[in-house]
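Peer 1: Below you'll find the structure I mean.
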Amino acid sequence: MTAQDGFRYTRPIALPRMTPMSVYVDANSRLHHDQERSLALNCPQCQVFSHITAVSVPQYSELVSARPSHVGVVYRCDSCNAPIFLRFAVKVYAANRVELANNFVELERAREKFNFTYLPEASEKLFREALGCYSSGHFNAFASMCRRTAQAVIQDLGENGRLRLFNQLAEAREMAEIDVDTFNTVKKVLFGNDADAQPSLPEIGAFEAGVLLELVKDMLYEAYVRKGKLQQAMMVRRFFAEESLPKITSIGRAVSSD
Numbered sequence: 057m058t059a060q061d062g063f064r065y066t067r068p069i070a071l072p073r074m075t076p077m078s079v080y081v082d083a084n085s086r087l088h089h090d091q092e093r094s095l096a097l098n099c100p101q102c103q104v105f106s107h108i109t110a111v112s113v114p115q116y117s118e119l120v121s122a123r124p125s126h127v128g129v130v131y132r133c134d135s136c137n138a139p140i141f142l143r144f145a146v147k148v149y150a151a152n153r154v155e156l157a158n159n160f161v162e163l164e165r166a167r168e169k170f171n172f173t174y175l176p177e178a179s180e181k182l183f184r185e186a187l188g189c190y191s192s193g194h195f196n197a198f199a200s201m202c203r204r205t206a207q208a209v210i211q212d213l214g215e216n217g218r219l220r221l222f223n224q225l226a227e228a229r230e231m232a233e234i235d236v237d238t239f240n241t242v243k244k245v246l247f248g249n250d251a252d253a254q255p256s257l258p259e260i261g262a263f264e265a266g267v268l269l270e271l272v273k274d275m276l277y278e279a280y281v282r283k284g285k286l287q288q289a290m291m292v293r294r295f296f297a298e299e300s301l302p303k304i305t306s307i308g309r310a311v312s313s314d
């Protein structure tokens with residue numbers, strides 16, 4: 057800190073030092089990761105949250121020679137043994153090691169699951185594409201498809217569809233305690249008008265996309281899945297109730313038939 061920052065110290069202050077997480081490839085082409093034992097993610101193949109193990113690491117000599125800005129590492133899912141590809145940014149080419157960024161990019165993400173059984177065809181098609189965009193990390197394309205999904209649902213629900221969805225969204229926000237800024241972004245994505253001045257669709261990042269995903273899933277569940285499951289359950293109850301009725305002909309009806 058300096059005096060220009062608004063603070064002034066008269067003596068040095070010792071601050072606790074945080075040990076940064078270390079990820080690097082050493083001169084023997086071995087990958088070192090401080091969180092290796094606890095490194096886990098949702099496998100895109102078996103959909104299980106599983107620990108992963110590095111099985112293929114670039115050669116140190118080739119990295120030093122080519123000096124790429126990003127490095128790919130192949131991991132193995134410990135649950136199904138499927139390959140998982142992660143990309144790390146290179147921080148620095150140091151002596152006897154190539155240091156990598158702590159964060160990584162999943163080149164193939166696990167697809168989000170949703171029960172499409174009760175959705176109308178138009179809404180199902182649009183939301184399937186939205187989930188594909190989300191799994192690929194194309195969050196702004198995902199937002200665009202979520203808006204189209206909401207528009208299809210509003211049209212299907214009829215005159216009060218827009219108000220109904222908005223009330224559901226407000227209720228979900230209260231239950232999930234979503235902050236104002238994030239909620240306003242999601243609200244603009246879902247209920248903004250395509251005829252508004254550009255940009256009518258706000259740009260979103262990974263966090264906003266995750267919130268948007270859960271709210272749209274909840275919106276579709278309330279609009280279709282809950283109703284469909286309840287109607288199906290009532291049909292099953294009615295069927296078994298009718299089957300369990302005693303099939304005995306009354307005496308009066310038996311006499312009159314003679």
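Heads up, the sequence shown is in our numbering, so the first residue is 57 and it goes up one at a time. Quick reminder that beta carbons are idealized off the backbone N, C-alpha and C, glycines included.
1) Could you tell me which uninterrupted alpha helix (DSSP H) segments, each at least 4 residues in length, are contained entirely in the segment 75 to 151, listed from first to last along the chain?
2) Hey, quick one: how far does the alpha helix (DSSP H) through glutamate 227 stretch, first residue to last?
3) Alpha helix (DSSP H) containing arginine 282: first to last residue?
4) Looking at the structure shown, is asparagine 249 part of a helix, part of a strand, or coil, going by DSSP?
5) Pick helix, strand or coil for alanine 166, following the three-state DSSP scheme.
6) Which same chain residues end up closer than 6 Å to lysine 283 when comparing Cβ atoms and leaving out the 5 residues on each side of it in sequence?
7) Looking at phenylalanine 141: is its Cβ nearer than 8 Å to the Cβ of glutamate 164?
8) When DSSP builds the beta bridges, which residues end up paired with valine 154?
9) Report the three-state DSSP secondary structure of phenylalanine 183 (helix, strand or coil).
10) Grouping DSSP H, G and I as helix and E and B as strand, with all else coil, what is asparagine 159?
11) By the DSSP assignment, the alpha helix (DSSP H) with glycine 266 in it spans what residues?
12) Using the rule of at least 16 other Cβ atoms within 10 Å of the residue's Cβ for burial, across every protein chain shown, is methionine 290 buried or exposed?
13) Roughly how many angstroms lie between the CA atoms of arginine 204 and glutamate 215, to the nearest whole one?
14) Confirm, please, whether the CB-CB distance from phenylalanine 247 to phenylalanine 222 is below 8 Å.
15) How is the alpha helix (DSSP H) around leucine 213 delimited, first residue to last?
16) Would you report the Cα separation of serine 191 and phenylalanine 198, rounded to the nearest angstrom?
17) With DSSP collapsed to three states, give me the class of threonine 238.
Peer 2: In this structure, then:
1) 116 to 122
2) 217 to 232
3) First-last of the alpha helix (DSSP H) with arginine 282: 282 to 299.
4) If DSSP states are grouped into helix, strand and coil, asparagine 249 belongs with coil.
5) coil
6) none
7) yes
8) Val81 and Tyr149
9) helix
10) strand
11) Taken as a continuous stretch (DSSP letters only), the alpha helix (DSSP H) holding glycine 266 covers 262 to 276.
12) Exposed.
13) So the two alpha carbons sit approximately 17 Å from each other.
14) yes
15) 195 to 213
16) Cα to Cα, serine 191 sits roughly 9 Å from phenylalanine 198.
17) helix
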